[in-house]
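In case it helps, my numbering puts the sequence shown at residues 4 to 140.
One structure is given below, encoded as C-alpha cells.
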Amino acid sequence: MKYRMKYWIVGHVNLSRKIVRDCITCKRFRGKPVQQKMASLQQFRVKPCTPPFQTTIVDYLGPVNVKVSRNTTTKGYCAVFTCAFTRAVHLTCVQDLSMQSFLQALDRFKSIRRLTDFHCKMGNRILPNTGNFAQSF
C-alpha cells in the first residue's frame, strides 16, 4: 500500500490484464459452452418411427482381395447398404463394378430386408432412384 503512494508502476493496468488473460484457471471459469453446429438433413432422413432399412443408401467399398481357392485370389468389391435413420450397415460381396452384379446384390438385399425407398451415393452427393435405373429393378 505504501509503495503505491511512493512509486508509480507504469502500465500496471495492462500488466494485470495480461496476467488474467494468460491464466489457465481464469480461462476455464470465463469460458462459454460451445454450441454444436449441424447441417440441415435431407427430407428422407427425418421421417419418424420407420423400421430399419426402409430408406437405404448404397455405396461401394473396395477393391479387396478375395480368396477363390487355396492358391487363387481375385479382386472383389463390397456393396455397402446403409440405413438412413439408424445408420445400420449391411455388406454384400460383389464380383465387379458392372450394373448386372449390382442388381444381383440389390436383389439379395431386397430378399432379406424390406426396401421401400432407395438412394444411391455418388461421391458426396446422394441421388434418389430416378430414370432408367429405377425401372431396372
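The C-beta atom is built at its ideal place from N, Cα and C for all residues, glycine as well.
Computed from a prediction, not measured in an experiment: that's the story for all the values here.
| Check | Outcome |
| --- | --- |
| Just verifying my parser: in three-state terms, what is the DSSP assignment at C29? | helix |
| Since T59 and T85 should fall inside the 8 angstroms C-beta cutoff, what is the C-beta to C-beta distance between them, to a whole number of angstroms? | 7 angstroms |
| Tell me where the beta strand (DSSP E) around L64 begins and ends. | 58-70 |
| Using the rule of at least 16 other Cβ atoms within 10 Å of the residue's Cβ for burial, across every protein chain shown, is H122 buried or exposed? | buried |
| For the segment 95-108 against the segment 70-85, do three or more pairs of beta-carbon atoms, one drawn from each stretch, fall closer than 8 angstroms, so that the two count as touching? | yes |
| Who are the Cβ neighbours of P66 in its own chain at under 8 angstroms, not counting the five residues just before and after it? | K78, G79, Y80 |
| Could you check how far apart the C-beta atoms of V83 and L64 are, in whole angstroms? I think they sit under 8 angstroms. | 5 angstroms |
| Rounded to whole angstroms, what is the Cα-Cα separation between N135 and D120? | In this prediction, N135 scores a pLDDT of 48, lower than 50, which makes its location untrustworthy; no coordinate-derived value is stated. |
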